[in-house]
Structures are given as C-alpha cells and as structure tokens.
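First the structure, in the form of structure tokens, and then the observations on it.
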Amino acid sequence: MGACASSPSAKTTAASVNKGGGGGGAPASESFRRPSSIMVMDMLGRINEYKQPIPARNVLSENPHFYLCNSETVHIGTCMPRVPDEEELLPGRIYFLVPLSHSDSPLSLPLLCDLAVKAGSALPNPNNNSYNGCIMWFPIFMDVKTARAEVGVEALSWSEKLGNVSSLMVRYQRNKKGCEFANLTASRYGGNQLWAGVTEVAPRVVVEEWVKEKKFYVRENNTCVGKHECGVYTQVVWRNSTEVGCAQAVCVKEQASLTICFYDPPGNVIGEIPY
C-alpha cells in the first residue's frame with residue numbers, strides 16, 4: 001500500500017493535506033468516453049459529426065472566421081492551440097471550433113468546465129466496449145450513501161456532466177502536473193481530491209479515505225478538532241449537495257494516481273453547517 005492524501009476544494013475552505021493509509025483495488029479509469037466518429041463542436045455546444053477522416057481546411061472552408069482545436073491539447077492558462085489546416089481530423093476525437101478572436105486568450109477553468117459539459121452531450125451512449133461512469137463509480141455511492149445516511153442526509157445522484165468535468169480536470173493534472181492536487185479555486189462546483197502513491201485506487205477506498213475525517217468534525221460548534229482538517233468529510237455529507245461526478249487518472253512515471261469528485265450544489269459554504 002502507498003501513501004494517500006486528501007484535499008477538499010479550495011472554493012470555500014482552505015485546502016489541506018492529510019496523510020494516511022493507501023489502498024489498491026480494481027482499476028479505476030477516467031469517466032470521459034471517446035466518440036466513434038469525429039465531433040466538431042462550436043463554443044455554443046452545436047455539433048457537426050464526420051464519419052471519415054477529413055482535412056481541417058475542409059471544415060474551416062465553411063467557417064472562415066474560426067480555427068480548430070483538438071480537445072485533448074487544451075490546458076488551463078494557455079491559448080487553445082490551432083490544428084494545422086492540412087492536418088486530418090481523426091475519428092475518436094472532439095475538436096472545438098474556436099473564433100479567431102479568441103486565439104490569443106488563455107483558457108480559463110470556468111470555460112474549460114463549460115466546454116466539458118457541452119462536449120459530454122456529443123458522446124455516444126455506452127455500449128459493451130465503452131466505459132459507463134455511473135457503473136464504474138457505483139461503489140462510491142454505497143459508501144457515500146452510508147456516510148450520508150448516518151447523519152440523516154439523502155443519497156447523491158450521479159451526474160454525467162460532473163463526471164465529464166472531473167475527467168477533463170484529472171487528465172490535465174496527469175498531463176501537465178504529474179497527478180499533483182488540482183487548484184479548484186475557480187470551480188463553480190464543490191470538490192474533493194485524493195492523491196495516492198499507487199497507480200490504482202478502487203472507488204470504495206477513495207470514499208473510505210475521505211470519511212476517515214468524520215472523527216475530526218464537531219457538529220455542535222461546526223469546527224474541526226484541534227489542527228485537524230475535516231472539510232473533505234463535510235463535503236461528502238453536505239445536505240444541499242445533490243449530485244456528484246468523479247474521475248481518476250494514473251501517472252505511471254510518478255507511480256501515483258489522482259481522483260477528483262465534483263459536487264453540485266457545492267458544499268463547505270462559510271457560515272453554514274453540513275447537515
């Protein structure tokens with residue numbers, strides 16, 4: 001077993017790191033599913049689908065004031081890179097049709113989340129060979145449901161939208177940050193994270209790590225014991241949070257993994273109690 005560390009979203013509480021035991025289990029993969037064809041999506045979420053490879057210039061000839069960006073090459077804080085006109089668009093990819101006026105504008109986290117939600121609508125329904133986020137993360141509901149039931153709070157519902165947002169975020173952290181904790185300050189959602197010094201962490205283990213903070217939460221005065229953190233636990237049981245979506249990415253080189261769950265509406269609101 002490797003080391004684990006948890007962190008709540010920095011949206012409404014200070015991010016913290018708590019060291020504890022690690023865990024293994026069945027492989028947990030990202031909840032983002034690839035389409036089988038080429039999807040070209042504009043900034044409003046409108047989709048054009050192409051069944052065969054097509055040069056970027058053919059698409060742009062119909063959209064002269066735009067450029068194409070491969071969704072897998074975008075990074076927060078940098079400009080959205082342009083696909084060369086002569087490059088062929090490939091099946092299994094989602095491309096953004098970006099106004100030329102945006103070519104010098106760095107990508108923000110809110111815009112990335114917005115694009116992720118809209119891109120999710122372009123994905124096909126799961127079949128026998130594709131990943132179903134709700135099924136993959138079903139064990140997370142069992143433990144979360146138990147933790148919430150213990151304090152008289154209704155269970156959460158799975159959100160494909162939040163699953164897609166989580167997936168884009170963990171992929172960014174994997175590709176650019178070596179699976180370090182994400183900065184979720186600008187997110188519109190509540191968020192919990194788990195970093196683990198192992199390459200696979202079962203969803204149930206993720207929740208177990210977060211719920212361990214329960215012993216540090218004092219409901220009578222809505223504080224954490226001593227210098228301990230408990231914001232990860234309070235987000236899990238936050239009454240007003242009704243939906244959750246999760247994803248996990250693995251960093252092979254770093255022998256680590258990062259799991260992120262987003263909650264809507266967000267919890268850990270200053271001045272309010274979780275339940």
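Count the sequence shown with full-length UniProt numbering and you get residues 1 to 275, in order.
For each residue, glycine too, the CB sits at the ideal point set by N, CA and C.
| request: Within its chain, find whatever has a CB closer than 6 Å to the CB of Arg174; leave out the 5 residues flanking it on each side and keep chain order. | output: On the sequence shown, residue 174 is found 174 positions in, with the first residue counted as 1. Around Arg174: Ala249, Cys251.
| Roughly how many angstroms lie between the CA atoms of residue 297 and His65, to the nearest whole one? | Because the chain in this structure spans residues 1 to 275, residue 297 falls outside the shown range and cannot be described.
| When we look at the beta-carbon of Asn58 and count the other beta-carbons within 10 Å, is it buried (16 or more) or exposed? | In the sequence shown, the residue the question calls residue 58 occupies position 58. Residue environment analysis places Asn58 among the exposed positions, since fewer than 16 neighbouring C-beta atoms fall within 10 angstroms of its C-beta.
| message | Taking its Cβ as the centre, do 16 or more other Cβ atoms sit within 10 Å of Leu107, making it buried, or is it exposed? | response | For the purposes of this step, residue 107 is taken as residue 107 along the sequence shown, with counting starting at 1. So Leu107 ends up on the buried side.
| How big is the Cα-Cα spacing for Lys161 and Gly191? | Translated into the one-based positions of the sequence shown, residue 161 becomes position 161. Translated into the one-based positions of the sequence shown, residue 191 becomes position 191. About 14 Å.
| query | When we look at the beta-carbon of Leu68 and count the other beta-carbons within 10 Å, is it buried (16 or more) or exposed? | reply | Here residue 68 is taken as the residue at index 68 of the sequence shown, counted from 1. Around the CB of Leu68, 16 or more other CB atoms lie within 10 Å, so the residue is classed as buried.
| Hey, would you say Cys230 sits closer than 9 Å to Gly245, going by beta carbons? | Here residue 230 refers to the residue found at position 230 of the sequence shown. Here residue 245 refers to the residue found at position 245 of the sequence shown. Cβ distance not < 9 Å, so Cys230 and Gly245 don't count as in contact.
| query | DSSP three-state call for Met41: helix, strand or coil? | reply | Position 41 of the sequence shown holds residue 41. Secondary structure at Met41: strand, using DSSP grouped into helix, strand and coil.
| request: Flag this pair as yes or no: are the beta carbons of Leu156 and Tyr263 separated by less than 9 Å? | output: Here residue 156 refers to the residue found at position 156 when the sequence shown is read from its first residue. Here residue 263 refers to the residue found at position 263 when the sequence shown is read from its first residue. Tyr263 is positioned such that its CB atom lies closer than 9 Å to that of Leu156.
| task | Keeping to the same chain, check which residues put their C-beta closer than 8 Å to that of Val83; ignore five residues upstream and five downstream. | result | Taking the sequence shown and counting its residues from 1, one reaches residue 83 at position 83. Answer for Val83: Ala56, Tyr67, Leu68, Cys69, Asn70, Leu89, Tyr95, listed in chain order.
| field | Simplified DSSP state of Phe216, which is helix, strand or coil | value | Here residue 216 refers to the residue found at position 216 of the sequence shown. Helix at Phe216.
| task | Run the CB neighbour count on Asn222, radius 10 Å, all protein chains shown included, and call it buried at 16 or more, exposed below. | result | In the sequence shown, counting from the first residue as 1, residue 222 sits at position 222. So Asn222 counts as exposed.
| Contact set for Asn63: own chain, Cβ-Cβ below 7 Å, skip 5 residues either direction | Against the sequence shown, residue 63 aligns to sequence position 63. Hits under 7 Å: Leu97.
| query | Quick one: complete beta strand (DSSP E) runs, 3+ long, within the region 185-215? | reply | Restricting attention to beta strand (DSSP E) runs no shorter than 3 residues, the region 185-215 encloses them at 190-196, ordered along the chain.
| task | Reducing DSSP to helix, strand and coil, say where Thr78 ends up. | result | Position 78 of the sequence shown, counted from the first residue, corresponds to residue 78. Coil at Thr78, not helix or strand.
| task | Measuring alpha carbon to alpha carbon, tell me which of Tyr217, Asn183, Pro53 ends up nearest Leu258. | result | Working through the sequence shown from its first residue, we reach residue 258 at position 258. Comparing Cα-Cα distances from Leu258 to each of Tyr217, Asn183, Pro53, the minimum goes to Asn183.
| task | Could you give the DSSP three-state label for residue 307: helix, strand or coil? | result | Because the chain in this structure spans residues 1 to 275, residue 307 falls outside the shown range and cannot be described.
| query | Quick one, which of Tyr217, Ala247, Glu86, Asn240 has its alpha-carbon nearest Gly163's? | reply | The count along the sequence shown starts at 1 and reaches residue 163 at position 163. Ranking the options by Cα distance to Gly163, first place goes to Ala247.
| said: Which same chain residues end up closer than 8 Å to His75 when comparing Cβ atoms and leaving out the 5 residues on each side of it in sequence? | reply: In the sequence shown, the residue the question calls residue 75 occupies position 75. For His75, where only same-chain residues beyond five positions count, the Cβ hits under 8 Å are Leu107, Tyr172, Asn175, Lys176.
| Within this structure, are the beta carbons of Tyr233 and Val211 separated by less than 9 Å? | In the sequence shown, residue 233 corresponds to position 233, counting from 1. In the sequence shown, residue 211 corresponds to position 211, counting from 1. Taking 9 Å as the Cβ cut-off, Tyr233 and Val211 qualify as a contacting pair.
| message | Measuring only the C-alpha atoms, how far is Thr78 from Glu220? | response | In the sequence shown, residue 78 corresponds to position 78, counting from 1. In the sequence shown, residue 220 corresponds to position 220, counting from 1. Just so you know, the alpha carbons of Thr78 and Glu220 end up roughly 45 Å apart.
| query | Who are the Cβ neighbours of Val151 in its own chain at under 7 Å, not counting the five residues just before and after it? | reply | Counted from its first residue, the sequence shown places residue 151 at position 151. Leaving aside the five residues that flank Val151 on each side, the residues in its chain whose CB is nearer than 7 Å to its CB run, in chain order, Val237, Tyr275.
| In terms of residue numbering, what span does the beta strand (DSSP E) encompassing Gln248 cover? | As a working mapping, residue 248 is identified with position 248 in the sequence shown. Note, Gln248: beta strand (DSSP E), 243-251.
| field | Classification of Ile135 by the beta-carbon crowding that lies within 10 angstroms, buried from 16 upward | value | Sequence index remark: in the sequence shown, residue 135 carries index 135 (1-based). With a pLDDT of only 46 at Ile135, under the threshold of 50, the placement of this residue in the model should not be trusted; the figure read from the coordinates follows. Exposed, because fewer than 16 other Cβ atoms sit within 10 Å of the Cβ of Ile135.
| task | Kindly indicate the opening and closing residues of the beta strand (DSSP E) around Glu49. | result | In the sequence shown, residue 49 corresponds to position 49, counting from 1. According to the DSSP assignment, Glu49 belongs to the beta strand (DSSP E) that extends over 47-50.
| task | Give every residue of the same chain whose Cβ lies closer than 7 Å to the Cβ of residue 282, excluding the five residues on either side of it in the sequence, and list them in chain order. | result | Outside the modelled stretch of the chain, which goes from 1 to 275, sits residue 282, for which no answer is possible.
| Taking DSSP as the reference, what is the three-state secondary structure of Val98? | Here residue 98 corresponds to residue number 98 of the sequence shown, with the count starting at 1. Of the three classes helix, strand and coil, the one that applies to Val98 here is strand, per DSSP.
| Pairwise C-alpha distance: Glu254 and Gly226 | Within the sequence shown, residue 226 is the residue found at index 226, counting from 1. Within the sequence shown, residue 254 is the residue found at index 254, counting from 1. Distance between the alpha carbons of Gly226 and Glu254: 33 Å.
| message | Using CA atoms only, rank isn't needed, just tell me which of Gly45, Leu60, Glu180 is closest to Glu87. | response | Translated into the one-based positions of the sequence shown, residue 87 becomes position 87. In terms of Cα proximity to Glu87, the closest of Gly45, Leu60, Glu180 is Leu60.
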